[in-house]
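Colleague: What follows is a single structure, and I will ask about it in a moment.
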Amino acid sequence: MTRASGIGSLPGEDAHEAARVVLGELPDLPHLPELPARGALADLTGRAVAVVSDLGFDLQPAGWRLTDAAGVDHRRARSLLAQDLDAFEEESQGFTGTLKVQVAGPWTLAATVEKPRGDKVLSDHGARRDLAQALAEGVRTHLADVARRVPGAELVLQVDEPALPAVLAARVPTASGFGRHRSVTPPVASEALEWVLDAADDRLTVVHCCDAEVPVGLLRSAGAGAVSVDVATLAVTAYDELATVLDEGGTALLGVLPATGSAAPSVKAAVERTMRLLDMLGLDPAEVSDRLVLTPACGLAGATPAYARAVLAALRGAAEALT
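Under my numbering, the first residue of the sequence shown carries the number 7, and numbering increases by one thereafter.
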């Protein structure tokens, strides 16, 4: 059965309303909503910082920075996460089924969080190792908390790595802006990602990357059971690796509808884009439909509430049509 889901973020600031939207529009695979409109405490990095164990952070004008102890903004980020979980727990009473939980990956964090004296964690081998391991431990605790709050849920962990291709290609700028951080080799990148994916224990894991050069093979070698890509931007060079994922029994989350727009998204467009991609991959839709999840191209934080609802409804209709 083809399913529909979201990437993570939604517009607005009301956690209760966001929970109602995903539970209502995505009954087969809802996700824990993220609401970055509330600011740095709730964006991709801020939410991950709230999950990380045993490390302190503080919010500076340039963004999040490692510190000796949790600063006031770090404590607020954790409090906001707890409030969001309270809201989802309340709205999901009686829920049974699959629930997706998202967190920023170790390399996206290393490329966005600064060391205590400035510049990115990415520049320091020891700091980025400590951050990845603390993230893995925090993810383990976070999943246990969600499982306790929503006992009928079968959890799926999605690790968001939008910065990973830039890390691999030495495209992350230094603090001065005049240089670039050295590239990270695939084996090193895979190891840190594997630590975080292993924190899911035996649960299904997904790695999301909407960059055109998503390293599908690396993600699979790190242990990802599924990959999440933007169909519109995906480079042709990644097609063979994506086809291999499905051939080997893995799952593909396909971003088939734009995350923002003025025109109403349609079921027909989502179905056509999915079928076109499968044709280019040389795959029979009937054989892989149960391993497909249809999603927006990226998070919906920049969309209007009406568009966000319409996208999720169209994806659900397309998934039913493909099934």
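All C-beta atoms in this analysis are idealised placements derived from N, C-alpha and C, irrespective of residue type, glycine included.
Can you confirm whether Gln66, when its beta carbon is compared against all beta carbons of chain C, has any partner nearer than 7 Å?
Modeller: In the structure shown, chain C cannot be found, because there is only a single protein chain.
Colleague: For Ala110, which of Ala142, Glu120, His131 and Gln89 has the nearest alpha-carbon?
Modeller: For the residues Ala142, Glu120, His131 and Gln89, the minimum Cα distance to Ala110 belongs to Ala142.
Colleague: His214 to Val277, Cα distance in whole Å?
Modeller: 21 Å
Colleague: Val190 by DSSP, collapsed to three states: which one?
Modeller: coil
Colleague: Just checking, does the region 127-146 make contact with the region 217-232 on the three C-beta pairs under 8 Å criterion?
Modeller: no
Colleague: So, at 7 Å on beta carbons, what are the nonlocal neighbours of Ala25 in its own chain, with the 5 sequence-adjacent residues on each side left out?
Modeller: Pro39, Ala93, Phe94, Glu97 and Ser98
Colleague: In this structure, how does DSSP classify Glu120 when only helix, strand and coil are distinguished?
Modeller: strand
Colleague: Across the region 68-83 and the region 40-60, are there enough close Cβ pairs to call them in contact, namely three or more that are closer than 8 Å?
Modeller: yes
Colleague: Give me the DSSP bridge partner(s) of Leu300.
Modeller: Leu300 pairs with Ala10 and Leu260.
Colleague: Buried or exposed: which applies to Gly14, given that a residue is buried once 16 or more other Cβ atoms fall within 10 Å of its Cβ?
Modeller: buried
Colleague: Would you call Asp90 buried or exposed, if buried means 16 or more other Cβ atoms sit within 10 Å of its Cβ?
Modeller: buried
Colleague: Quick check on the DSSP output: what are the complete beta strand (DSSP E) runs of length 3 or more inside the region 238-284, in order along the chain?
Modeller: Listed in chain order, they are 257-263.
Colleague: Taking the beta carbon of Gly261 as the centre, do at least 16 other beta carbons fall within 10 Å, making it buried, or is it exposed?
Modeller: buried
Colleague: Have a look at Pro122 and Ala116 and give me their C-alpha separation to the nearest angstrom.
Modeller: 13 Å
Colleague: Please tell me whether Ser11 and Thr329 are closer than 7 Å, where the distance is taken between their beta carbons.
Modeller: no
Colleague: If you reduce the DSSP assignment to three classes, tell me which class Leu47 lands in.
Modeller: coil
Colleague: Could you pull the start and end residues of the alpha helix (DSSP H) that Ser227 belongs to?
Modeller: Note, Ser227: alpha helix (DSSP H), Val222 to Ser227.
Colleague: Assign Ala21 to one of three DSSP states: helix, strand, or coil.
Modeller: Here Ala21 sits in helix by DSSP.
Colleague: Is Arg9 closer than 7 Å to Val299 when the C-beta atoms are compared?
Modeller: At the C-beta level, Val299 and Arg9 come within 7 Å of one another.
Colleague: How is the beta strand (DSSP E) around Thr73 delimited, first residue to last?
Modeller: Thr73 -> beta strand (DSSP E) spans Gly69 to Thr73.
Colleague: In terms of residue numbering, what span does the beta strand (DSSP E) encompassing Ser234 cover?
Modeller: Ala232 to Asp236
Colleague: Leaving out five residues before and five after Thr310 in sequence, what residues of the same chain have Cβ atoms less than 7 Å from its Cβ?
Modeller: Cβ neighbours of Thr310 beyond the five flanking positions: Pro17.
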